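Structure first, commentary second.
The structure is reproduced here in structure tokens:
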């Protein structure tokens, strides 16, 4: 037991026999992790509140011109990118649907590009094929250092797209890149906590876009 769970619950030992005490420790650990995550979300949303409103207004103007939101990321961030696109395209509360597409969704295109031209280009080539200057490119990364995101942002910026990044740690290369107009950073070195808070940022960004659309 301890070999597989020490990194999560270091108090679990192979000779643990007191089930009641163990359950109390597990509950306390889960509660502590939840509290850390909640504090990080609150701090991040407070720090990025003005930026969220600015990005929301800029995205709203693109949507008003018929623009599309293109999202992308790797690994767990690819599922987060898919969730962002789904939130905009299929809102849960009856809000107007907005054009959004995740560049990870089509496995045939993704694997063909990875095989034929290289994984660094899997998102940039799709943006080149499908995007216009009225569109939005939103990339998600826990480290901020994903090379294929950097290449996609460079291509998007050159084409006139609005570029938005969600990153963790200190923002990595994404936060320093001139190709990323807006980078919303979750300042944590825990991948789990970063991804949880990035989901909250994306939701607040969606709300900011709809507020801007409603204000005209």
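Residue numbers (the numbering used here): 201 to 416.
Every residue, glycine too, gets a C-beta built ideally from N, C-alpha and C.
None of the values given here were measured: they were computed from a predicted structure.
Query - Sequence-distant residues of its chain with Cβ nearer than 7 Å to residue 288 (five each side left out) - result: 269, 298, 300, 406
Query raised in the report: Assuming residue 381 contacts residue 401 under a Cβ cut-off of 8 Å, what Cβ separation, rounded to an integer in Å, is found between them?
Result: The Cβ separation is near 16 Å, so there is no contact.
Requested in this report: Keeping to the same chain, check which residues put their C-beta closer than 6 Å to that of residue 409; ignore five residues upstream and five downstream.
Outcome: 256, 259, 260
Query raised in the report: Does the separation of the CB atoms of residue 339 and residue 368 fall below 8 Å?
Result: no
**Report entry** According to DSSP, residues forming a beta bridge with residue 363
**Finding:** 337
Report task. Leaving aside the five residues before and after residue 265 along the sequence, list all residues of the same chain whose C-beta is less than 6 Å from its C-beta, in chain order. Result -> 334
Query raised in the report: Apart from the five residues just before and just after residue 252, which ones in its own chain have a Cβ nearer than 6 Å to its Cβ?
Result: 404, 405, 408
Report task. Output the boundary residues of the alpha helix (DSSP H) element that contains residue 403. Result -> 391-415
Query raised in the report: What whole-angstrom Cβ distance do residue 320 and residue 284 have, given they're in contact under 8 Å?
Result: At roughly 22 Å, the Cβ-Cβ gap does not stay under 8 Å, so residue 320 and residue 284 are not in contact.
Query raised in the report: Quick one: what's got a C-beta closer than 7 Å to residue 314's C-beta in the same chain, skipping five residues either side?
Result: 322
Query raised in the report: Is residue 163 helix, strand or coil when you go by DSSP?
Result: Examination of residue 163 is not possible in this model, given that the chain is present from 201 through 416 alone.
Report task. Spell out the partners DSSP gives residue 332 in its beta bridges. Result -> BP columns for residue 332 are empty, so no partner.
Report task. My understanding is that residue 328 touches residue 355, with C-beta atoms under 8 Å, so please give their C-beta distance in whole angstroms. Result -> 6 Å
Requested in this report: Please specify which runs of the beta strand (DSSP E), each continuous and at least 3 residues long, are wholly inside the segment 260-325, giving them in chain order.
Outcome: 269-273, 300-302
Requested in this report: Return the chain-ordered list of same chain residues with a C-beta closer than 6 Å to the C-beta of residue 391, the five sequence neighbours on each side being excluded.
Outcome: 342
**Report entry** Beta carbon of residue 385 nearer than 8 Å to that of residue 375
**Finding:** yes
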